[in-house]
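Listed in order, the protein sequences are those of chains A, B and C. So for the first sequence, the working numbering puts the first residue at 65; every next one is plus one. So for the second sequence, the working numbering puts the first residue at 610; every next one is plus one. So for the third sequence, the working numbering puts the first residue at 6; every next one is plus one.
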Amino acid sequence: MSEQAISGWQAFSGVIRRDLTLAFRSPGQIVNPVAFYLMVASLFPLGIAPEEALLSRLAGGIVWIGALLAVLLSLDSLFRSDQEDGSLDQLLLSLHPLPLLVLAKITAHWLTSGLALIILAPVLALMLHLPAEAFPALMFSLLLGTPLLSLAGGIGAALTVRVQRGGLLLTLLSLPLYIPVLIFGTTAVQSAMDGMDYNGHLLWLGALLVLGICLAPLAIAASLRIVADG
Amino acid sequence: MNWTFFHKLGSPKWFYDISGRWLPWLATISALLMATGLTWGLLFAPPDYLQGNSYRIIFLHVPTAFLASAVYVMMACAGAVTLIWRVKLADVALKCMAPVGASFCLLALITGAIWGKPTWGTWWVWDARLTSVLILLFLYIGVIALRGAIRSTTTAAKACAVLSIVGVVNIPIIKFSVQWWNTLHQGATLKLTEKPAMAPEMLWPLLISILAFYLFFTAVLLLRMRTEILNRERRTQWVQQRLGG
Amino acid sequence: MYFQDITSVLHMDGHGIYVWSTYGISLLIVAYNVLAPLRQKKQVIGQIKRQIINEKQVQSEKNTAVKQ
């Protein structure tokens, strides 16, 4: 059966299905970032103060930072395990466009990381006394922002996939890309808490997300090919 | 269109010879301009109406901040040339620009922080511009760290090129979002430079200092590039003849 | 010159420490940017020269071995 017999969409969904199956086989891959997320969010009240007034002002930022760090933690599994067992090389040899397959991997990654974080966000927000009017802003900003975190982090993950112990370098490369996302996400929550309109912030996140979906897979594919030749 | 000129431009030997001739001139002129501009600004320019004498830090802060941003953009251009036209000299330029740009970025941050103390009362302020420069420093460190983490020269060249291009696309996004974040959290935006236009007694030493720092950067870059070229081309005949013969 | 004497230059109406520390740190960083490349240049040239001398030696040893 030749590879041309599979359409682009079948290749795309095939990669997603494969990655999801692999992720569910090793539950640690999904559970660890989630557990980390909960723990980091708990560290803030423990480290600062458990007063409700103070926490509710910080709650949006804490949830967002927790999500950011959790996604950062899970990025390592995006390409590294495939690199180790040789399936990344197979991906590079595929006749289908690499950016398409990369987008599939990122989608699967988001489904196993960002999505879980979004679902748990209300729990964290309750623990941190986030005001009720800010909940929708938090959820929508995370919904738009976490895919961006996966996309932007994918670039660093691709560049460092063959670097020994590249986790720290991956964090260093990803953080400047994460900062605008963090800013728009948290200011959306902040505006909602102040009773103001937060649509503008969400629109900016949406614009960045569209930009990311179009450009990040290209950068990631180029990076994967570059470090593969080395 | 004389394409042979561009091919010559890519030749390390040609670059080595020509930069050898330019370097003494660049070094001397930049040293003179720096001495002139900084002495003028430090001792001869009148003090600022609002800030007094502490504003004299501007003659260091503005040139280094301009350079920090400009050098990163130049790095991204060198990266694009590396990826599109495979010119090795462009990668030599990128590799050598990064530490110089990073040191200027650090200097911009330090001078900005020290300037902040008499002006705003604290050593660090999360104002839009200083925060953007801080993130720019992270971008520089990322490129330098990536270069060090990849063994192969050709792979490192292309990887750093991609990273610097991604970074340069990110810079306007960062600047905008930090500006956004800052205006939402602070009332009035505090500025480090005078608006309206500066008096000529202050403007001239500033312009001279900016030019001096740009020329200084070029001189240091050429110096570093020459060493890097010798290092990479050490097996070629022209290097062996120059150093052995 | 705006300032009257050397003490007012150093003092700068109370801002002297800020101004002079920035100029001092800048001088250090400018000096680093000049000295570090020069040192590296000396290192690299020294390495290459030693390599050339080594190879000449090996070559002349080979020549004498062939002659014998």
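Backbone N, C-alpha and C fix where the C-beta goes; we use that ideal spot for every residue, glycine too. As the structure is a prediction and not an experimental result, all values here were calculated from the model.
With its beta carbon at least 7 Å from every one in chain B, Val63 (chain C) lies outside the interface.
The contact set of Gln45 (chain C) on chain B, defined by CB atoms closer than 8 Å, consists of Arg833 and Thr836 in chain order. If you look at Gln147 (chain A), you'll find it in the alpha helix (DSSP H) that goes Asp140 to Asp149. Neighbours of Gly230 (chain A) across chain B, judged by C-beta separation under 8 Å: Ala758.
Between Gly710 (chain B) and Tyr681 (chain B) the beta-carbon gap is near 6 Å, inside 8 Å, which marks them as a contact. Check the Cα spacing between Met807 (chain B) and each of B:Ser639, B:Thr648 and B:Phe668: the tightest is with B:Phe668. In the DSSP assignment, Ile819 (chain B) falls within the alpha helix (DSSP H) that extends over Pro809 to Arg841.
When Cβ-Cβ separations below 7 Å define contact, Gly853 (chain B) makes contact with chain C. Around the beta carbon of Ile112 (chain A), fewer than 16 other beta carbons sit within 10 angstroms, so the residue counts as exposed.
The Cβ atoms of Ala105 (chain A) and Leu188 (chain A) sit closer than 7 Å to each other. Within its own chain, no residue has a Cβ closer than 6 Å to the Cβ of Leu175 (chain A) once the five positions on either side in sequence are excluded. Approximately 18 Å separates the beta-carbon atoms of Ala770 (chain B) and Gly230 (chain A); this is outside 8 Å, ruling out the contact. Fewer than three Cβ pairs drawn from the stretch 58 to 72 of chain C and the stretch 696 to 709 of chain B lie within less than 8 Å of each other, which leaves the two stretches out of contact. Residues of the same chain with a CB within less than 7 Å of the CB of Val829 (chain B), apart from the 5 flanking positions on each side, are Val709 in chain order. Taking a C-beta distance under 7 Å as the contact criterion, Glu837 (chain B) and Pro655 (chain B) do not qualify as a contact pair.
Look at the stretch 9 to 21 of chain C: the residues with a C-beta under 8 Å from a C-beta of chain B are Val14, Met17, Asp18, Gly19, His20 and Gly21. With respect to chain B, the C-beta atom of Ala286 (chain A) has a partner C-beta closer than 7 Å. Less than 7 Å separates the beta-carbon of Phe713 (chain B) from that of Leu676 (chain B).
Chain B places a beta carbon closer than 7 Å to that of Pro240 (chain A), counting this residue as a contact. Residue contact check for Asn662 (chain B) against chain C: a CB pair falls below 7 Å.
Neighbours of Leu669 (chain B) in chain C, taken as residues whose beta carbon is under 8 Å from its own, are Thr27, Tyr28 and Ser31 in chain order. Close CB contacts of Leu820 (chain B) within its chain, under the 7 Å cut and outside five residues either way in sequence, are with Leu642 (chain order).
The residue from A:Leu136, A:Gln74, A:Ile219 and A:Val227 with its alpha-carbon nearest to that of Arg760 (chain B) is A:Val227. Using a Cβ-Cβ cut-off of 7 Å, Arg738 (chain B) does not count as an interface residue toward chain C, since no Cβ of chain C sits closer than that to its own. For Val771 (chain B), the closest Cβ of chain C is not nearer than 7 Å. Under the DSSP assignment, Gly270 (chain A) falls in the alpha helix (DSSP H) whose first and last residues are Asn263 to Asp293.
Between Leu267 (chain A) and Trp128 (chain A), the gap from beta carbon to beta carbon reaches 7 Å or more. If you compare the alpha carbons of B:Ser620, B:Leu755, B:His670 and B:Arg630 with that of Ala722 (chain B), the shortest gap goes to B:His670. If the five residues before and after Leu282 (chain A) are omitted, its C-beta is found closer than 7 Å to the C-beta atoms of Pro163, all from its own chain and listed in chain order. Among the CB atoms of chain B, one or more fall inside 7 Å of the CB of Val24 (chain C). Contact between the stretch 258 to 273 of chain A and the stretch 194 to 207 of chain A is established, with three or more Cβ pairs separated by less than 8 Å.
No Cβ-Cβ contact shorter than 7 Å links Val742 (chain B) with Leu715 (chain B).
The beta carbon of Ile723 (chain B) falls within 7 Å of a beta carbon belonging to chain C, placing the residue at that interface. The C-beta of Asn263 (chain A) has fewer than 16 other C-beta atoms within 10 Å across all chains shown, which makes the residue exposed. In the structure shown, Asp10 (chain C) falls within a coil segment according to DSSP collapsed to helix, strand and coil. Here the C-alpha atom of Asn96 (chain A) lies approximately 10 Å from the C-alpha atom of Leu102 (chain A).
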